[in-house]
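Notes follow once the structure below has been shown.
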Amino acid sequence: MQDRLTLPDGSVLDVARYPLPDGVVDDGEPLNRADLSRVFGVSENTITDWIGKGMPVLAGGRNGVAYELSLTECWAWRQHRESEDRNTRLRRDERNAQNALLFRNLDDGQEAEESGLTAKELREWSEAEYHRNRVAEQRGDLVRASRVQELLEDLIGVTRTSLSTLPDHLERELGLNAGEVTMVQRHCDALLLKMRERIETDMLGGAQVAQLPGRGDRAGLL
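If you read the sequence shown in the numbering used here, its first letter stands for residue 1, the second for the next number, and so on.
In structure tokens, the structure reads:
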């Protein structure tokens with residue numbers, strides 16, 4: 001195991017900066033995707049997604065060879081990534097709080113409430129609202145779009161995989177003929193298409209919430 005790793009984006013990961021939690025032991029034996037997903041409490045689809053985003057791999061991943069992953073290195077990468085995400089969110093939150101003072105997209109109720117405020121009072125009101133949002137997030141009343149997006153991507157991946165393999169399962173378990181398998185496949189494809197259309201229409205279009213920014217919209221989920 002290396003103490004410093006060069007990631008695909010050119011950045012250097014200091015593995016020693018992110019030690020494993022107390023009591024967690026890495027015996028040096030490589031883990032596969034299923035092993036790591038159980039340890040981290042996420043799905044294999046999430047592990048695959050992280051690998052695509054630069055999580056270090058010891059070996060494998062080509063020509064049907066299983067991935068070999070280091071628990072220590074993958075943990076350090078995950079902690080580093082979460083730290084970077086937190087810093088990015090903090091910078092965006094600060095920028096959005098400042099922008100709120102410069103440009104207010106007020107509805108009728110807010111306009112009536114704020115019309116008599118001085119610049120100092122408006123700044124204090126904006127800062128108080130920003131902190132209220134932060135407290136609401138910590139209580140669980142507000143959820144960041146990035147967390148919802150990650151969960152949705154995971155669920156969509158599971159659904160897509162299940163629907164893609166459903167015709168074959170039904171053919172084996174229920175003895176469907178070729179025509180019936182084709183019919184099931186057609187219905188599964190139609191469902192995936194409908195899900196994609198709803199995501200593109202309802203999730204990827206329109207205005208975005210500025211107060212609690214996420215990682216950005218991503219097309220091609222299905």
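For every residue, glycine included, the Cβ atom is placed at its ideal position computed from N, Cα and C. It should be emphasised that the depicted structure is a prediction, and the values quoted were computed from it without experimental measurement.
Report task. Put Glu68 into one of helix, strand or coil per three-state DSSP. Result -> strand
Report task. Identify the continuous alpha helix (DSSP H) that holds Thr6 and give its terminal residues. Result -> No alpha helix (DSSP H) contains Thr6, which is instead part of the beta strand (DSSP E) from 4–6.
Query raised in the report: From what residue to what residue does the beta strand (DSSP E) around Leu13 run?
Result: 12–14
Query raised in the report: Anyone know if the C-beta pair for Asp154 and Tyr130 falls short of 9 Å?
Result: no
Query raised in the report: Shortest alpha-carbon distance to Gln185 belongs to which of Gly175, Ser164, Ile199?
Result: Ser164
Query raised in the report: If Val12 and Asp3 are in contact, beta carbons under 8 Å, what's the gap, nearest whole angstrom?
Result: Not quite, the Cβ-Cβ distance comes to about 10 Å (not below 8 Å), so this is no contact.
Query - Supposed close pair Leu69, Leu31 - CB separation, criterion 8 Å - result: 5 Å
Query raised in the report: Under 9 Å between the Cβ atoms of Leu36 and Leu71?
Result: yes
Query raised in the report: Would Met183 be called buried (16 or more neighbouring beta carbons within 10 Å of its own) or exposed?
Result: exposed
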